[in-house]
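Residue numbers (the numbering used here), protein chains in the order written: chain A, 154 to 383; chain G, 154 to 383.
These notes concern the structure reproduced below.
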DNA sequence: ATTTTGGTAATACGGTGTATCGCAACACTA
DNA sequence: TAGTGTTGCGATACACCGTATTACCAAAAT
């Protein structure tokens with residue numbers, strides 16, 4: 154054993170912090186989905202023993218919360234219009250795009266209350282343009298309804314996207330073809346409207362469909378704002 | 154070894170089938186949440202080795218799909234009104250109530266396309282009263298928008314319910330009290346609207362909140378049906 | 001009577017989240 | 001300087017998971 158083959162003092166890999174942990178977890182999730190995120194793999198990616206993480210995180214669920222909050226930083230726009238409708242629309246589209254970049258977000262959206270700093274900032278930015286426009290309860294209803302639509306629409310879109318990717322077919326084609334019993338059930342005649350939709354429905358692209366439903370909800374909010382609460 | 158202590162032929166525990174498996178899984182999930190459902194525990198509850206299940210189910214995810222579809226049998230009402238608005242409202246409330254009975258449903262809602270027979274029946278029943286009222290695309294948008302709201306609203310409600318149960322406090326009180334940094338962040342003054350809401354907002358009960366948002370969405374649908382698509 | 005078969009149970013594997021424990025490097029006291 | 005806490009980290013351990021593989025044994029077929 155000479156100086157030459159004596160191992161280097163193991164160059165500390167930059168001291169850990171939550172940011173680096175969350176970034177590693179997000180990278181893993183982006184590559185392989187949420188179920189590819191294990192504390193061991195996150196730790197490995199940081200050249201660290203798994204138990205190190207517990208110095209910064211107390212549970213895996215907390216890590217997920219941090220991931221969600223981190224993505225909310227991408228969602229918050231730099232500059233926001235003063236028009237509440239535009240603010241809501243922008244928030245919706247930015248959330249959708251974040252979910253397309255980080256599909257695992259769909260699995261987490263709405264799953265737990267989001268109280269991280271970035272999520273709070275997004276909420277604040279969403280609420281701000283309503284100041285003075287209506288009483289608080291109406292505003293809350295508006296924002297909650299929009300958020301509910303957002304969560305549901307994004308989940309559905311990602312779910313369909315995954316199904317298509319898994320089968321290599323568009324959903325409609327898949328229903329027509331290999332949907333195990335679906336076609337058989339449609340053939341029974343017990344589902345006439347469904348059959349009609351599958352048969353004659355046009356395949357609207359996801360973004361348009363999202364935007365359409367979004368506009369409907371925004372119209373509903375506008376109507377309620379115009380005529381304050383019941 | 155006499156006749157007396159010779160073990161009885163192990164009285165076959167009624168031959169397995171999917172229904173029994175799904176029922177056992179649902180029971181476990183009702184008691185301890187989705188994460189209490191493991192193939193091993195389901196099997197144990199049926200006095201069977203874990204691998205037996207694979208004769209009826211090919212993966213745990215498939216079991217979840219079956220559970221979701223089974224709950225849809227509870228959701229489908231016996232008799233449905235002919236009025237589309239009432240049909241949508243009833244479906245929404247029945248889904249919500251199913252989710253309150255089976256909280257794990259919130260974790261699965263919208264997570265994957267639902268193509269089981271019961272789910273299809275629910276969809277058919279939802280679509281039926283629109284027959285002839287509008288073109289297919291509008292009808293699809295209506296139903297999808299409603300479903301998205303439904304998914305999101307239920308997820309949020311269950312998420313809050315769990316948070317309250319976990320802390321023993323109402324969400325608002327919790328935000329006020331132990332919300333780790335929440336109060337500190339509100340105190341910074343960077344979130345004036347949020348502060349106002351937390352401070353002055355009234356605590357509407359969950360069902361009312363759900364119904365309100367639902368009515369908004371229904372109003373939106375009604376408006377679009379009246380004035381066919383753009 | 002013997003062989004085949006088909007369904008079941010047992011075992012095995014590679015993973016998971018997290019509790020516990022022992023050690024080694026440092027700070028401080030005598 | 002020698003000794004002695006102290007503290008933060010790694011290794012180990014535990015209980016459990018989903019599922020592939022193997023070993024078996026009773027019934028059917030030859």
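Where is the CB? At the ideal position from N, CA and C, for every residue including glycine.
Every value quoted in this text rests on a predicted model; they were computed, and no experiment measured them.
Within chain G, the residues whose beta carbon sits less than 7 Å from that of residue 346(A) are 277, 280, 281 and 284, listed in sequence order. The stretch 248 to 278 of chain A is shown to contain whole alpha helix (DSSP H) runs of 4 or more residues at 257 to 261, in chain order.
Excluding residues up to 5 positions away in sequence, 203 lie with their Cβ nearer than 8 Å to the Cβ of residue 193(G) in the same chain. The C-beta of residue 246(A) comes no closer than 8 Å to any C-beta of chain G.
For residue 352(A), the enclosing alpha helix (DSSP H) starts and ends at 345 to 353.
C-alpha of residue 266(A) to C-alpha of residue 315(G): approximately 10 Å in a straight line. Within the stretch 285 to 301 of chain G, the residues whose Cβ lies closer than 7 Å to any Cβ of chain A are, in chain order, 289, 290, 293, 294, 297, 298, 300 and 301. Between residue 186(A) and residue 257(A) a beta carbon distance of about 6 Å is seen, short of the 8 Å cut, so the two are scored as contacting.
Straight through space, the alpha carbons of residue 225(A) and residue 336(G) are spaced by roughly 19 Å.
Cα atoms of residue 295(A) and residue 209(G): separation of roughly 46 Å, rounded to the nearest angstrom.
Going by C-alpha positions, residue 285(G) is about 10 Å away from residue 346(A). Under the Cβ distance rule, residue 362(G) counts among the residues neighbouring chain A, one pair being separated by less than 8 Å. Secondary structure note for residue 225(A): its alpha helix (DSSP H) is the uninterrupted segment 213 to 228.
For the stretch 352 to 379 of chain G, the beta-carbon criterion of a distance under 8 Å to any beta-carbon of chain A is satisfied by 353, 354, 355, 357, 362, 365, 366, 369, 370, 372, 373, 374, 376 and 377.
Proximity of chain A to residue 230(G) at the Cβ level (cut-off 8 Å) is not reached, the minimal Cβ distance being about 16 Å. Contact of residue 350(G) with chain A by beta-carbon distance below 8 Å involves 280, 289, 292 and 293. Residue nearest to residue 241(A) within the set 290(A), 228(A) and 252(A) is 228(A) (criterion: CA-CA distance). One thing to note: residue 304(A) has its Cβ no nearer than 8 Å to the Cβ of residue 249(G). For residue 200(G) and residue 168(G), the gap between their C-alpha atoms comes out near 11 Å.
Counting only residues of its own chain and dropping the five nearest sequence neighbours on each side, residue 269(A) has a CB closer than 6 Å to the CB of 222. With a beta-carbon spacing of about 12 Å, residue 190(G) and residue 206(G) fall beyond the 8 Å limit used to define contacts. For residue 311(G), the enclosing alpha helix (DSSP H) begins and ends at 289 to 320.
For residue 338(A), the uninterrupted alpha helix (DSSP H) segment begins and ends at 335 to 340. What residue 313(A) touches in chain G, judged by beta-carbon distance under 8 Å, is 266, going in chain order.
With respect to the C-alpha of residue 230(A), the residue from 218(A), 251(A) and 355(A) having the closest C-alpha is 251(A). Chain order gives the chain G residues near residue 263(A) as 305, 308, 309 and 312, where near means a beta carbon separation below 7 Å. Rounded to whole angstroms, the Cβ separation of residue 219(A) and residue 175(A) is 5 Å, and the two are in contact under 8 Å. About 6 Å separates the Cβ atoms of residue 297(G) and residue 366(A), confirming a contact at the 8 Å cut-off.
The beta carbon of residue 274(A) is closer than 7 Å to those of 229 in its chain, skipping five residues each way along the sequence.
Rounded to whole angstroms, the separation of the alpha carbons of residue 243(G) and residue 281(A) is 34 Å. For a Cβ distance threshold of 8 Å, residue set 268 and 273 of chain G lies close to residue 335(A), ordered along the chain.
Per DSSP, the unbroken alpha helix (DSSP H) holding residue 374(G) starts and ends at 359 to 379. Per the coordinates, the alpha-carbon of residue 290(A) lies some 30 Å from the alpha-carbon of residue 217(A). With a 10 Å radius around the Cβ and a threshold of 16 neighbouring Cβ atoms, residue 279(G) comes out buried.
Rounded to the nearest whole angstrom, the CA to CA distance from residue 311(G) to residue 376(A) is 28 Å.
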